[in-house]
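In our numbering, the protein residues as written are 7 to 313.
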């Protein structure tokens, strides 16, 4: 029995019908904007292979899945030296030469060299930021689109990669603070803004709209986990932000600062006291900002509480 759902023919974000079906990953990805439409689907069907002597002449469905976060998408075979026997010098030199040319083939032009460096960096940064596979693959897809649409010469790999991860986190609804990204990459806000404009030029309008959507609620679970709080605080914090959203209060406000303030208020409402300093350390938002945002939320939503 196969549980893949092939009924999805258009991207719910940009409307494109150019959908990539990755059976090995169990996911559907929009080729136009990189949106992961569905993931973690399981194919329980038989593994189609051909062995010598088999009477069944069926198609092959084996091999590694396509990976956007590898510069050649993981298609090229990586040749490694199996034997290092120095007694057969001619054979060893031939093997070394073959391996050398094979690596050159994998990185054959400036764009591929750029992606080769960028995706090594992406792998390292993904581990530091604890990014899931879907965010990393979407970021790699966006980076590819950016590089293919412009001349990569003279462009900052760090700046463009930082924007790609930020955009991917928005598309995948995975909270990653902009401040955290800038600090991890050691990129200035001015550089980030420059490449942000480049990326938003080729992304579909619906994707850009999603990137600009306030995602303060998505930060709540991570903050609650870092502070060692329970589900009561999480639910209360989300309720506060939902009311703020419906009232129009959150427009133009930093999602992370709003989330931090909502958790601070929720802690007081549920008698799970946490100081502004503790929340500031968990979120990277200053104590002054948390205090000001908390007062604004209390005043706007008419919450009966004294902080």
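Think of the CB as a built atom: it goes at the ideal place given N, C-alpha and C, for glycine as much as any other residue.
Here residue 260 carries a coil assignment [DSSP, helix/strand/coil].
With a threshold of 16 other beta carbon atoms within 10 Å, residue 16 falls short and is exposed. Only buried fits residue 140, as 16 or more other CB atoms lie within 10 angstroms of its CB.
Three or more beta-carbon pairs separated by less than 8 Å are not found between the segment 241-260 and the segment 280-289, which leaves the two stretches without contact. Straight through space, the alpha carbons of residue 241 and residue 36 are spaced by roughly 33 Å. With 16 or more other Cβ atoms inside 10 Å of its own Cβ, residue 143 counts as buried.
Scanning its chain for C-beta atoms nearer than 7 Å, with the 5 sequence neighbours on each side dropped, one finds around residue 227 the residues 240, in chain order. Annotation for residue 176: the continuous alpha helix (DSSP H) segment containing it runs 163-177.
Residue 161 and residue 225 have their alpha carbons spaced roughly 31 Å apart.
In this structure residue 202 touches residue 169 by the C-beta definition: roughly 5 Å separates them, less than 8 Å. If you draw a straight line from the Cα of residue 264 to the Cα of residue 124, it is about 33 Å long. Runs of the alpha helix (DSSP H) spanning 4 or more residues and lying entirely within the segment 249-303 occur at 261-275 and 282-289, in chain order. Burial state of residue 221 is buried, judged by a 10 Å Cβ sphere holding 16 or more other Cβ atoms. Comparing alpha carbon positions, the residue from 200, 172 and 190 closest to residue 182 is 172. Looking at the backbone, the Cα of residue 289 and that of residue 153 are separated by about 32 Å. Of the residues 309, 193 and 199, the one whose Cα lies closest to the Cα of residue 245 is 309.
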